[in-house]
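Please read the structure below before turning to the comments.
Numbering (the working numbering), first residue to last: 1062 to 1355.
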């Protein structure tokens, strides 16, 4: 990143937005055109996505946030589901005076992205799903690997994170797990155990499998051939059930969006198109339906 870009990045201040019964930490990088909303993986705060955001077109507006109980967002008093969290995200965007958005979901965040696209067909322009699944009804990864995700220990203990990273995430991380451990250490706060439990519960009772055929947004699927958590067959399921989906396969693992951001960010930039001033306005329910050109 150039000195000019770094200077711009330093000017961005986080906001704590109170809405929908939650307080959500948000980081909004202004730019030109339709903002890209990023939904992170389970237990991860918005700092984890720094490498990916830095690799995107610097003109593209980007919205990141901590879900309740993660990073600097206080833990929700009660457990929540994805429909509620998607509604809260919409309220957050309202507070930022943002209308139509593109949305990207990584791993657990992919479920939230699917739910948001389903609930907001006139507000969500394009959908990007990275290393994710359809929730309770999907083809799971190796149980021995998934067992290591039951607790947020990898976010609190860098040594442990480096030790399990290769087996857990696959791809280039198999050769060197220290990089992802250092990325996790960027989190200002690792989040609460109760917040992590709420995220686990939300994913355990939700599925998108029956809703996928009615999600009409153009969708980019980014899946790794060496992903121990989300096998490639899940990408093919999405490709079959989503009407306007394109599958991009790469030879990496679960977190390549972060560890190999320079390789995957251009793929996503190309899918979204060059940021430009012209965009469809959104005014709640009065907006027109998305067209085949969107």
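In this text, a Cβ means the ideal position worked out from N, Cα and C, and glycines have one as well.
Query	Result
Can you list, in chain order, the residues of its chain with a C-beta nearer than 7 Å to that of residue 1288? Leave out the 5 residues immediately preceding and following it.	1192, 1231, 1314, 1315
Taking the C-alpha atoms as reference points, what is the distance between residue 1325 and residue 1332?	11 Å
What are the residues that DSSP puts in a beta bridge with residue 1079?	1084
Quick check on the DSSP output: the alpha helix (DSSP H) that includes residue 1239 runs from which residue to which?	1239-1245
Using the beta-carbon count (16 or more within 10 Å), is residue 1321 buried or exposed?	buried
Taking the C-alpha atoms as reference points, what is the distance between residue 1336 and residue 1205?	43 Å
What is the C-beta distance between residue 1244 and residue 1319, in whole angstroms, given that I count them as a contact (C-beta under 8 Å)?	6 Å
Tell me whether residue 1220 is buried or exposed, calling it buried when 16 or more other Cβ atoms sit within 10 Å of its Cβ.	exposed
Per the DSSP calculation, residue 1123 is bridged to which residue(s)?	1090, 1097
Could you check the C-alpha separation between residue 1130 and residue 1308 for me, to the nearest Å?	32 Å
Please check the pair residue 1142 and residue 1328, which I expect to be a contact at CB under 8 Å, by giving their CB distance rounded to whole angstroms.	Not confirmed; about 31 Å, so no contact.
Less than 6 Å between C-beta atoms, sequence neighbours within five positions excluded: which residues of the same chain meet that for residue 1065?	For residue 1065, the predicted model reports a pLDDT of 45, less than 50, meaning its position is unreliable; a value from the coordinates is still stated below. Here the set comprises nothing.
I'd like to know whether the C-beta atoms of residue 1317 and residue 1296 end up nearer to each other than 8 Å.	no
Could you tell me the distance, in whole angstroms, from the CA atom of residue 1256 to the CA atom of residue 1224?	24 Å
Does DSSP put residue 1319 in a helix, in a strand, or in coil?	helix
Does residue 1281 come out as helix, strand or coil in the three-state DSSP assignment?	strand
Beta-carbon within less than 6 Å of residue 1270's beta-carbon, same chain only, minus the 5 sequence neighbours each way: which residues are those?	1195, 1198
According to DSSP, is residue 1212 helix, strand or coil?	coil
Taking a contact to mean a Cβ-Cβ separation below 8 Å, would you say residue 1190 touches residue 1113 in this structure?	no
Tell me whether residue 1259 sits in a helix, a strand or coil according to DSSP, three-state version.	helix
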